[in-house]
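Notes to accompany the following structure.
Number of protein chains: 2
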Amino acid sequence: MEKAASQRASDIAYDKIRQFVLSGHAEPGDQLTEEQLARISGVSRTPVREAVRRLENELLIVRSDSKRLFVADWSADDIDEMFVLRGMIEGHAASRAARNISVRQLEEMGRISDLLDAAVTANPPDVAAFLAHNRSFHDIILEAARSPRLSAMLPKLIEQPVVSRTAQQYRVSELLQSARDHRELIAAFAARDSHWARAVMTSHIRRAFHAFSITTKRPRDQYQAND
Amino acid sequence: MEKAASQRASDIAYDKIRQFVLSGHAEPGDQLTEEQLARISGVSRTPVREAVRRLENELLIVRSDSKRLFVADWSADDIDEMFVLRGMIEGHAASRAARNISVRQLEEMGRISDLLDAAVTANPPDVAAFLAHNRSFHDIILEAARSPRLSAMLPKLIEQPVVSRTAQQYRVSELLQSARDHRELIAAFAARDSHWARAVMTSHIRRAFHAFSITTKRPRDQYQAND
DNA sequence: CGATAGACATTTGTATACAATAGCGTCAAC
DNA sequence: GTTGACGCTATTGTATACAAATGTCTATCG
Chain A
6 MEKAASQRAS DIAYDKIRQF VLSGHAEPGD QLTEEQLARI SGVSRTPVRE
56 AVRRLENELL IVRSDSKRLF VADWSADDID EMFVLRGMIE GHAASRAARN
106 ISVRQLEEMG RISDLLDAAV TANPPDVAAF LAHNRSFHDI ILEAARSPRL
156 SAMLPKLIEQ PVVSRTAQQY RVSELLQSAR DHRELIAAFA ARDSHWARAV
206 MTSHIRRAFH AFSITTKRPR DQYQAND
Chain B
6 MEKAASQRAS DIAYDKIRQF VLSGHAEPGD QLTEEQLARI SGVSRTPVRE
56 AVRRLENELL IVRSDSKRLF VADWSADDID EMFVLRGMIE GHAASRAARN
106 ISVRQLEEMG RISDLLDAAV TANPPDVAAF LAHNRSFHDI ILEAARSPRL
156 SAMLPKLIEQ PVVSRTAQQY RVSELLQSAR DHRELIAAFA ARDSHWARAV
206 MTSHIRRAFH AFSITTKRPR DQYQAND
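Protein chains in written order, with the working numbering: chain A, 6 to 232; chain B, 6 to 232.
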């Protein structure tokens, strides 16, 4: 696995604990003690505490009434809710980006979009590359939105268990549609049309939710209650 | 000032540092060192670090390219953006609450609304009480929305410098309208009408933004660009 | 037999000492 | 005079020891 990004112990702890939780080594509801996590990560409790704070903030870990740590439990409704929020916020980000994006950023998005197409049309599709470029693409939008608030909130919704699990299982048809969305987003940005950008982004996210629902074979009675 | 809530050193540090930043003892852009903050809070660096993490998350403090701490700078656009996001998210919370709220919670909101009215119609208006009850009111909505995600995100947007500064300066007419909003929210909840609830909440927040704009005498050219 | 208090174990919280790193100034070489 | 390298200082990062708090088990009393 890749650690590369940083050698700070608290980051190592973050990665290890995150992986520990996501890989299913711990069941939702299981208690986690700082010492145990320190052993797993190979660092002392101090950086573990920092890592835990981050994970807690991302709602992968929760704290009991008083201070004991547990693996968070994500209900179907939680997941739906997460996608709803993400749709709202990313839609808003796209709307802002359409107003603020620079020519240079637009060109960069075009280049990334080419890479996305290449990854999708490869045989077999290069999902890892797709994910990486998809990430870059959305990062540029966030950057173009020029709002520290958005930049702070979105990672919390994106870096969630479901997302990583989901994207791995996209089917080719979904990847193709996703690539088309990216092209349309660029068009909306180029036209400086914030409404268009928001709409495309919203359906983009919503589709991801449906893809997730299907791949996880969950009955879809939870989203018809939306208004 | 009130500390009451907790005697944990990290909470003390949080309160003290927050107050230090908001009271204007530190200018936006000023560097803050952990040791300095530890001296101010009267605790060691360890809990200070936890407090700083929280404040960083709430965007009251920012970290430079590498790890040095500075007082965050809130531009006019940042503030507008904060209110926009808050409107979106609180609107969504209200929408969810309308679907999920319990009779008991509705009754509780009625009681709080009475207290709000009392605070507003007192002579002079009891702003402190108004703020406290307003807070309780919104807490119930958040609770009724039954979404950990929302509960985690909102405090970040609400517990901001501007909010506390703003509310102190509400004028009586604004307090009255605010109290009316609360009554209407209760009506929307009682009717289980999520659209109504969302709309009332959205204008409620938007009005707060305008009240803020006026009290801070900022030219209001920033919000006509919204879509 | 059930409840409750108290001792004991487990877990989190804090302080302090030390290590690593980033910023900054100085001095030397060209 | 400018530039670059070196070392010093300021600041953040980590480990460890200890303190406080929370949960749990058991024994005793009603």
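Quick reminder that beta carbons are idealized off the backbone N, C-alpha and C, glycines included.
Computed from a predicted structure; not experimentally measured.
CA-to-CA distance, residue j to residue i, given in whole angstroms
i, j, result
"Arg-104/A", "Gly-115/A", "17 angstroms"
"Ala-124/A", "Arg-203/A", "25 angstroms"
"Ile-146/B", "Glu-113/B", "11 angstroms"
"Leu-111/B", "Ser-152/B", "18 angstroms"
"Asp-122/B", "Asp-186/B", "11 angstroms"
"Ile-128/B", "Arg-176/B", "The sequence shown places Asn at residue 128/B, not Ile. So the alpha carbons of these two residues sit roughly 13 angstroms apart."
"Arg-225/B", "Ala-31/B", "Note that Arg-225/B scores a pLDDT of 40, beneath 50, so its modelled location is shaky; the value from the coordinates is reported in the next line. If you take the alpha carbons of Arg-225/B and Ala-31/B, they lie about 27 angstroms apart."
"Arg-73/A", "Arg-59/A", "15 angstroms"
"Glu-189/B", "Ala-99/B", "12 angstroms"
"Arg-154/A", "Leu-64/B", "8 angstroms"
"Asp-16/A", "Ile-22/A", "10 angstroms"
"Tyr-19/A", "Arg-44/A", "13 angstroms"
"Ser-2/A", "Ser-178/A", "Any property of residue 2/A remains undetermined from this structure, which presents chain A solely from 6 to 232."
"Met-93/A", "Ser-141/A", "20 angstroms"
"Phe-194/B", "Ala-56/B", "37 angstroms"
"Asp-78/A", "Gly-29/A", "12 angstroms"
"Ile-255/B", "Phe-135/B", "Any property of residue 255/B remains undetermined from this structure, which presents chain B solely from 6 to 232."
"Glu-61/B", "Ala-14/A", "20 angstroms"
"Val-132/A", "Val-108/A", "28 angstroms"
"Ala-216/B", "Ala-192/A", "37 angstroms"
"Arg-91/A", "His-97/A", "10 angstroms"
"Arg-68/A", "Phe-75/A", "6 angstroms"
"Leu-120/A", "His-138/A", "7 angstroms"
"Glu-148/B", "Pro-130/A", "44 angstroms"
"Arg-212/B", "Ser-218/B", "10 angstroms"
"Asp-82/B", "Asp-144/B", "27 angstroms"
"Gln-41/A", "Thr-126/A", "44 angstroms"
"Phe-25/B", "Arg-54/A", "25 angstroms"
"Gln-12/A", "Glu-39/A", "20 angstroms"
For residue i: DSSP bridge partner residues
i, result
"Gln-36/A", "Phe-75/A"
Three-way DSSP call (helix, strand, coil) for residue i in this model
i, result
"Ser-218/A", "helix"
"Ala-213/A", "helix"
"Ile-106/B", "coil"
"Tyr-228/A", "For Tyr-228/A, the predicted model reports a pLDDT of 35, less than 50, meaning its position is unreliable; a value from the coordinates is still stated below. In this structure, Tyr-228/A counts as coil in the three-state DSSP scheme."
"Arg-176/A", "coil"
"Val-48/B", "coil"
"Arg-68/B", "strand"
"Glu-63/A", "coil"
"His-30/B", "coil"
"Asn-128/A", "coil"
"Arg-91/B", "helix"
"Gln-12/A", "coil"
"Gly-18/A", "One point to set straight first is that residue 18/A is Ala, not Gly, in the sequence displayed. Three-state DSSP puts Ala-18/A in a helix."
"Arg-54/B", "helix"
"Ala-98/A", "helix"
"Asp-198/B", "coil"
"Arg-151/B", "coil"
"Ser-183/B", "helix"
"Met-6/A", "For Met-6/A, the predicted model reports a pLDDT of 42, less than 50, meaning its position is unreliable; a value from the coordinates is still stated below. Reduced to three states, the DSSP call for Met-6/A is coil."
"Ser-118/B", "helix"
"Ser-80/B", "coil"
Chain-ordered chain A contacts of residue i [CB-CB under 7 angstroms]
i, result
"His-209/B", "Chain A residues near His-209/B: none, gap ~18 angstroms exceeds 7 angstroms."
"Ser-152/B", "Glu-86"
Chain B residues whose Cβ lies nearer than 9 angstroms to that of residue i
i, result
"Leu-27/A", "Correct list: empty, because the minimum Cβ distance to chain B is about 18 angstroms."
"Glu-55/A", "Arg-54, Glu-55 and Arg-58"
Chain-ordered chain B contacts of residue i [CB-CB under 8 angstroms]
i, result
"Met-158/A", "Leu-90, Met-158 and Lys-161"
"Pro-33/A", "Result: empty, since nearest Cβ-Cβ is about 13 angstroms, beyond 8 angstroms."
"Asn-128/A", "Correct list: empty, because the minimum Cβ distance to chain B is about 38 angstroms."
"Asn-62/A", "Asn-62 and Ala-157"
"Met-93/A", "Met-93, Ile-94 and His-97"
Proximal chain A residues relative to residue i, where beta-carbon distance stays under 8 angstroms
i, result
"His-143/B", "Residues of chain A passing the Cβ test: none, with the nearest at roughly 18 angstroms."
"Asp-83/B", "Ser-152, Pro-153 and Arg-154"
**Asked** Does the stretch 82-91 of chain A come close enough to the stretch 42-59 of chain A that 3 or more CB-CB pairs lie under 8 angstroms?
**Response** no
**Request:** For the stretch 192-208 of chain B and the stretch 175-182 of chain B, state whether three or more C-beta atom pairs, one from each stretch, are separated by less than 8 angstroms.
**Result:** no
**Item:** Sufficient close CB pairs (3 or more, under 8 angstroms) joining the stretch 203-215 of chain A to the stretch 154-165 of chain A
**Value:** Put simply, the stretch 203-215 of chain A does not touch the stretch 154-165 of chain A. Fewer than three CB pairs are less than 8 angstroms apart.
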